[in-house]
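Accompanying notes for the structure given below.
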Amino acid sequence: MGSAALSLDQADKMVENVVGLFQVPLGLATNFLIDGREVLVPMATEEPSVIAAASNGARMAREGGGFFTSSSGPVMRAQIQAVGIDDPFGAKNRILEESDRIAEMANQKDPMLVKFGGGVVGVEVHVLDSRIGPMVVTHLLVDCRDAMGANAVNTMAEAVAPEIERITGGRVHLRIISNLADRRLARARAVFKAEAIGGTKTVQAVVAAAALAEVDPYRAATHNKGIMNGVTAVVLATGNDTRAVEAGAHSYAARSGLYRSLTRYEINGDGDLVGTIEIPAAVGLVGGATRVHPVAKAAVSTLGVKTADDLSRILAAVGLCQNFAALRALSTEGIQRGHMSLHARNVAVQAGATGDAIERVAARMAEEKRINLARASEIIREMTQG
Ligand code: MEV
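Counting from 6, one number per residue, gives the positions in the sequence shown under my numbering.
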């Protein structure tokens, strides 16, 4: 993969008021065995040690057969908010009585999607109490196939809104996708053999660390941030919408009313660690930047994915792997030694090291276990003074 593969011209067509390009390192995480297939995982991230940790976790998963994945299928929701309705529950039933016709109207807006096997697969109506009175919120459930789907579902929601007004007698305000993509779930599972990860003590320590994230939102936020270190890096590398996936993951984590971890860890009958994850993963392979950005195109081909669903299941595997690697490091030696030695190169650069000197300064600091800007500057001074 080349550098600066996106031209200014292309960027100018992607967003507005373009003045330049902002680059992020792109690396390849190795060792991933996903559903029996070797996968090289492109990750775009500014954070040191994320790619190394993912590769390390993936290596440890291999003895248990790697990652096994599944998904719920690529169904997104659009919401149509109607207010000012006298009989909200009556309106709800009237909408449901006409749901086939509403679905038909929505599908007419995207014949291509229907041709590829997608389109509306259901209509739900939620009656909600709010501080400005009751609301009737219609959800169009749309199989988006290989599109992320925001454009498709938003167009459909706008198209059926006048009909919702007619049926309910109310006023429609919002007509927009929900990023809580709870019908587009991706799952992954891995068995980390006790002997591959440091023995029974490590297995127990990971379970204990994960247990805190199941009951404490302060820990769950950081635990899930670690998962998203992996997920978001792949989402970005493939030109997908990082904010949509982040919003989906965090809102899904809070679906019980308490913000919780997105992963679970158990000990199986052999004493090995079983890790599982379930995350909403609203990503696409068609539309958006994925088909435009040259690096995103290369990332998709490196992953060898044919459908958005394939990509979503890889995201789940990477999220689980990243989380396992973090928990293992945190519950054993801590993350700072490994993290800081990788971070040492950044510190060396910040202190002014260039070329070969970067590695030399970083290695010296790592060896001395003194990784900070002041020490980096001293070493550079010593080196330049001879
Ligand atoms: C750092 O970017 C991510 C971690 O904090 C995740 C975690 O605590 O599980 C290491």
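All residues carry an ideal CB built from backbone N, CA and C; glycine is no exception.
These numbers were taken from a predicted model, which means no experiment stands behind them.
Residues near residue i by beta carbon distance below 7 angstroms, same chain, minus five either side
| i | result |
| --- | --- |
| N351 | P53 |
| N377 | V352 |
| M6 | The predicted model places M6 with a pLDDT of 45, which falls under 50 and marks its position as unreliable; any figure quoted below should be read in that light. Cβ neighbours of M6 beyond the five flanking positions: L31, V300, A303. |
| G138 | V88 |
| E251 | M233, T237 |
| S104 | V128 |
| Q15 | V297 |
| V177 | I85, Q86, A87, A166, I169, E170 |
| S77 | R188, R189, L190 |
| A157 | D115, L118, V147, C149 |
| F121 | R150 |
| M65 | F197, A201, I202 |
Neighbourhood of residue i by C-beta distance below 8 angstroms, restricted to the same chain and skipping five residues each side
| i | result |
| --- | --- |
| G154 | P79, M81, V147, I182, A287, G289 |
| L335 | A214 |
| G276 | A199, T205, V208 |
| M345 | A371, I376 |
| G69 | A195, V196, F197, K198, A201, D277 |
| R159 | Here residue 159 is Asn; the residue named in the question, Arg, does not match the sequence. So the list reads A83, R180, I181, I182, once near-sequence residues are dropped. |
| P222 | L263, Y264, R265 |
Proximity test, Cβ basis, 8 angstroms: residue i and chain C
| i | result |
| --- | --- |
| G276 | Although the question refers to chain C, the structure presented lacks it and comprises just one protein chain. |
Cutoff 6 angstroms; reference residue i; Cβ partners in own chain excluding five residues on either side
| i | result |
| --- | --- |
| A331 | G231 |
| S75 | R192 |
| T173 | A87, I90, A96, V141 |
| L38 | R67, G71 |
| H131 | V142 |
| C326 | A59, G62, A63 |
| E21 | none |
Cβ-Cβ distance between residue i and residue j below 8 angstroms
| i | j | result |
| --- | --- | --- |
| I100 | V128 | yes |
| G262 | P285 | no |
| V44 | G357 | no |
| G244 | G292 | no |
| V29 | A49 | yes |
| V55 | G235 | yes |
| H255 | N328 | no |
| A162 | R180 | yes |
| V23 | L11 | no |
| Y270 | V211 | yes |
| A367 | A349 | yes |
| A34 | L347 | no |
| T312 | V305 | no |
| A321 | S266 | no |
Residue i CB to nearest heavy atom of the ligand MEV below 7 angstroms
| i | result |
| --- | --- |
| L335 | yes |
| T207 | no |
| A331 | yes |
| H255 | no |
| I340 | yes |
| K230 | yes |
| E52 | yes |
| N112 | no |
| N234 | yes |
| T35 | no |
| T227 | yes |
Per DSSP, the bridge partner or partners of residue i
| i | result |
| --- | --- |
| E192 | The question names Glu, yet the displayed sequence has Arg at residue 192. R192 is bridged to S75, E283. |
| E129 | H144 |
| S135 | G138 |
| G43 | Note that residue 43 is Glu in the sequence shown here, rather than Gly. L38, per the DSSP bridge assignment. |
| L31 | A49 |
| F197 | L278 |
| I272 | L278 |
| G124 | D148 |
| I182 | A83 |
| V88 | M140, R176 |
| V291 | A152 |
Integer-rounded CB distance, given that residue j should sit under 8 angstroms from residue i
| i | j | result |
| --- | --- | --- |
| A83 | H144 | 7 angstroms |
| K114 | A164 | 5 angstroms |
| A258 | A225 | 7 angstroms |
| I319 | V239 | 7 angstroms |
| I363 | V354 | 6 angstroms |
| P47 | T307 | 5 angstroms |
| R369 | I384 | 5 angstroms |
| A249 | N184 | 5 angstroms |
| G281 | T268 | Strictly speaking, residue 281 in this sequence is Thr, with Gly absent from that position. Going by Cβ atoms, the distance from T281 to T268 rounds to 7 angstroms, so yes, they are a contact pair. |
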